[in-house]
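J.:
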Amino acid sequence: MTSPYPTLSTAYLPSTLYMAHLCRYGEAAIEMWETFPKQTFRNRAVIATGNGPQVLTVPVVRTHGNHTLTRDIGISYQEPWNVRHWRAIVSAYNAAPYFLYYRDELEAILMRRYERLADLNEALTGYLVRIMKMDCTLSRTEEFVPPADGDPRVEVTAKHPRTDWHFPPYSQVFDTLYGFQPNVSAIDLLFNAGPEAKKYLPTP
Numbered sequence: 013m014t015s016p017y018p019t020l021s022t023a024y025l026p027s028t029l030y031m032a033h034l035c036r037y038g039e040a041a042i043e044m045w046e047t048f049p050k051q052t053f054r055n056r057a058v059i060a061t062g063n064g065p066q067v068l069t070v071p072v073v074r075t076h077g078n079h080t081l082t083r084d085i086g087i088s089y090q091e092p093w094n095v096r097h098w099r100a101i102v103s104a105y106n107a108a109p110y111f112l113y114y115r116d117e118l119e120a121i122l123m124r125r126y127e128r129l130a131d132l133n134e135a136l137t138g139y140l141v142r143i144m145k146m147d148c149t150l151s152r153t154e155e156f157v158p159p160a161d162g163d164p165r166v167e168v169t170a171k172h173p174r175t176d177w178h179f180p181p182y183s184q185v186f187d188t189l190y191g192f193q194p195n196v197s198a199i200d201l202l203f204n205a206g207p208e209a210k211k212y213l214p215t216p
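So this is what it looks like as structure tokens:
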């Protein structure tokens, strides 16, 4: 059965553009039945650090090789990637005005061990939706439907990021060094703008 809602790919620490789509539609289905692609925001996020943009990547386990569906993608904990990610986040945002208000719950989510990537991403996205006070309902797809023109799965991509949306600037920790860095992980917006974060989401 096809979902009646717009469809988005699962995303790790989703970008501001991703969160803008959720806010725009109010309801979204997360794609579970695609063959998991490499080098995408599904298991990668970008944060703004003192050394410029830094990519955080969750190591995944493809239980069926290259034919593994997103719903079956596991997470490898052979290396403490979540500890490293948290240390990078603390280093990048410890001086952000709202970091202390939101750090504990985010750290708890990252330190919890998840068997599946989709479950980790769902917890993180749900956290951002709730903290940013977005009226949005998320579900999971029940079958695969190929993306069409204008599909959010095409618009929210790591390889070909959108440039025709307006990204309202907000104060960032290292903006005096690098200027405003748009469309990084939405935790950047949350830690820097706090309760006002939602109003800085990008618009078409």
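Numbering (this note's numbering) for the sequence shown: 13 to 216. Note that the Cβ used here is the ideal one computed from N, Cα and C, for glycine as well.
Please state whether the Cβ-Cβ distance between residue 110 and residue 202 is less than 8 angstroms.
T.: One-based indexing of the sequence shown puts residue 110 at position 98. One-based indexing of the sequence shown puts residue 202 at position 190. Result yes, Cβ atoms of residue 110 and residue 202 sit closer than 8 angstroms.
J.: CA-CA distance, residue 209 and residue 115?
T.: Your numbering for residue 209 matches position 197 in the sequence shown. Your numbering for residue 115 matches position 103 in the sequence shown. Approximately 15 angstroms, taken between the alpha carbons.
J.: Run through DSSP, which three-state label would residue 88 get?
T.: In the sequence shown, the residue the question calls residue 88 occupies position 76. Residue 88: coil per DSSP, three-state reduction.
J.: Would the stretch 40 to 58 count as touching the stretch 135 to 153 if we require 3 or more Cβ pairs under 8 angstroms?
T.: At 8 angstroms Cβ cutoff, the stretches touch.
J.: Just verifying my parser: in three-state terms, what is the DSSP assignment at residue 196?
T.: The sequence position of residue 196 within the sequence shown is 184, counting from 1. DSSP places residue 196 in coil when its eight states are reduced to three.
J.: Could you check whether residue 195 and residue 29 sit closer than 8 angstroms to each other, using their CB atoms as the reference points?
T.: As a working note, residue 29 is residue 17 in the sequence shown. As a working note, residue 195 is residue 183 in the sequence shown. The answer is yes: Cβ separation under 8 angstroms.
J.: Secondary structure at residue 125, three-state DSSP: helix, strand or coil?
T.: The residue given as residue 125 occupies position 113 in the sequence shown. In the structure shown, residue 125 sits in coil (DSSP, three-state: anything other than H, G, I, E or B).
J.: On the criterion of 16 or more Cβ atoms from any shown chain inside 10 Å, does residue 46 qualify as buried, or is it exposed?
T.: The sequence position of residue 46 within the sequence shown is 34, counting from 1. Label assigned to residue 46: buried.
J.: Could you pull the start and end residues of the beta strand (DSSP E) that residue 56 belongs to?
T.: Position 44 of the sequence shown holds residue 56. Counting along the chain, the beta strand (DSSP E) containing residue 56 begins and ends at 56 to 61.
J.: What does the alpha-carbon distance come out to for the pair residue 105 and residue 211?
T.: Along the sequence shown, read from residue 1 onward, the residue named residue 105 stands at position 93. Along the sequence shown, read from residue 1 onward, the residue named residue 211 stands at position 199. Their Cα atoms are separated by approximately 20 angstroms.
J.: For residue 216, count neighbouring C-beta atoms within 10 Å of its own C-beta (all shown protein chains included) and say buried if the count is 16 or more, exposed if not.
T.: For the purposes of this step, residue 216 is taken as the residue at position 204 of the sequence shown. It is exposed - the Cβ of residue 216 has fewer than 16 other Cβ atoms within 10 Å.
J.: How long is the line joining the alpha carbons of residue 87 and residue 32, rounded to whole angstroms?
T.: The residue labelled residue 87 in the question sits at position 75 within the sequence shown. The residue labelled residue 32 in the question sits at position 20 within the sequence shown. About 27 angstroms.
J.: Please name the residue or residues paired with residue 149 in a DSSP beta bridge.
T.: Position 137 of the sequence shown, counted from the first residue, corresponds to residue 149. Per DSSP, 39.
J.: Measuring only the C-alpha atoms, how far is residue 119 from residue 78?
T.: Within the sequence shown, the letter at position 107 stands for residue 119. Within the sequence shown, the letter at position 66 stands for residue 78. Going by the C-alpha atoms only, they are around 31 angstroms apart.
J.: Thinking just about the alpha-carbon of each residue, which of 199, 214, 65 is nearest to the one in residue 191?
T.: Along the sequence shown, read from residue 1 onward, the residue named residue 191 stands at position 179. Of the listed residues, the one whose Cα sits closest to residue 191 is 65.
J.: With 16 as the cutoff for other CB atoms within 10 Å, does residue 213 come out buried or exposed?
T.: Residue 213 sits at position 201 when you count from the first residue of the sequence shown. The residue is buried, with at least 16 neighbouring Cβ atoms inside 10 Å.
J.: Going along the chain, which residues of its own chain have a beta-carbon closer than 8 angstroms to the beta-carbon of residue 127, five neighbours each way excluded?
T.: Taking the sequence shown and counting its residues from 1, the one referred to as residue 127 is at position 115. Contacts found: 86, 87.
J.: Quick check: what's the CA-CA separation for residue 56 versus residue 72?
T.: Taking the sequence shown and counting its residues from 1, the one referred to as residue 56 is at position 44. Taking the sequence shown and counting its residues from 1, the one referred to as residue 72 is at position 60. Approximately 11 angstroms, taken between the alpha carbons.
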